[in-house]
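Participant:
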Amino acid sequence: MAGKNILSDNLRRVRERMAAAAVRAGRDPAQVRLVVVTKQADPAAVRQLVELGELDLGESRVQDLQQRVADVGQFLVRRNEGLQPTVRWHMVGHLQRNKVRPLLPLVHMIHSVDTLRLAETLDQAAARLEQGGPSPLAGPAAAAGGSDRRPNAGAGRRLPVLLEINCSGESQKFGAAVGAAECLVEQIATLPRLELRGLMTMAPRTDDPEQARPVFVRLREVFEDIAGGRRAGPAFADLSMGMSQDFEAAIEEGATLVRIGTAIFAGV
Ligand SMILES: *Cc1c(COP(=O)(O)O)cnc(C)c1O
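Here it is, written out as structure tokens:
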């Protein structure tokens with residue numbers, strides 16, 4: 001299938017560029033994880049991604065993520081793999097507090113925590129989920145996998161989250177201010193059901209990755225200041241930064257998670 005060949009070619013090229021960027025910076029390429037952002041892909045392309053072994057997938061809206069989980073779940077059930085904990089879904093876009101409940105049972109990691117209130121809402125919802133409250137997995141998702149497909153179910157599991165920081169000033173709507181980062185990290189680290197894994201940022205959209213680089217440098221500096229202290233905890237190790245236009249610069253500046261869509265689905 002032509003689409004599939006294009007997709008696998010795109011993936012291979014992106015992975016080669018990721019590895020080369022890591023090597024240029026003297027880093028081990030295995031330290032950088034690719035999250036394929038599927039928001040612009042059609043369902044067939046997403047299924048092909050899974051067949052190609054891409055298991056870290058991201059969406060930027062809760063409703064879209066729910067639809068993807070249902071769709072991919074049905075696909076895996078047809079292949080008799082429905083109960084395998086296969087795809088890890090990443091929520092990368094802005095999250096409203098009233099969308100937390102349906103999202104939580106489906107998601108592997110949330111990259112976009114940007115207020116203490118949102119973190120507290122997530123913590124409370126995670127506690128409720130652990131107590132075995134009514135499964136929000138009604139409808140197609142439940143049909144696709146039943147209550148066993150709850151990546152966040154299970155005693156003692158904490159929900160991995162990242163704190164989103166606005167490193168570029170007013171050009172971005174979401175994300176906590178740089179000056180608030182340390183205080184927020186301390187507060188989020190006290191929430192028992194969350195595991196604060198690190199920081200995330202979005203650079204302004206630009207065709208020139210060198211314009212994005214200072215944003216990535218800034219996030220790494222904020223990260224290092226915080227990671228040097230004691231409050232953040234040992235799990236505080238991730239930097240989610242870099243998209244199709246600028247992921248190489250982000251990796252050179254220390255990204256451990258890159259979120260890439262357009263470069264992977266172009267021409268598919
Ligand atoms: C869409 C999106 C991406 C991927 O962007 P591309 O330019 O398509 O690679 C990454 N992060 C977030 C938060 C997004 O919304």
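Numbered per our numbering, the sequence shown finishes at 268, counting up by one with no gaps.
Each residue gets a CB set at the ideal place from its N, CA and C atoms; glycine is no exception.
Model, not experiment: these values are computed from the prediction.
1) Less than 7 Å between the beta carbons of Ile165 and Gly175, yes or no?
2) Under a three-way DSSP split, which group does Pro136 fall into?
3) Going by C-alpha distance, which of Gly242, Thr115, Val23, Gly93 is nearest Met109?
4) Which of the three DSSP states, helix, strand or coil, is assigned to Glu182?
5) Closer than 6 Å: is that where the CB of Ser240 sits relative to any heavy atom of ligand 1?
6) For ligand 1, is there any heavy atom lying closer than 6 Å to the beta carbon of Val92?
7) Tell me whether Gly3, by its Cβ, gets closer than 6 Å to a heavy atom of ligand 1.
8) With hydrogens ignored, establish whether the beta-carbon of Val62 is closer than 6 Å to any heavy atom of ligand 1.
9) Using three-state DSSP, classify Val258 as helix, strand or coil.
10) Helix or strand or just coil, what does DSSP make of Gly58?
11) Since Leu163 and Leu196 should fall inside the 8 Å C-beta cutoff, what is the C-beta to C-beta distance between them, to a whole number of angstroms?
12) Using a Cβ-based criterion (distance less than 6 Å to any ligand heavy atom), does Arg220 qualify as near ligand 1?
Facilitator: From the atom records:
1) yes
2) Here the model assigns Pro136 a pLDDT of 47, short of 50, so the residue's position is not dependable and the matter cannot be decided.
3) Gly93
4) helix
5) no
6) yes
7) no
8) no
9) strand
10) strand
11) 7 Å
12) no
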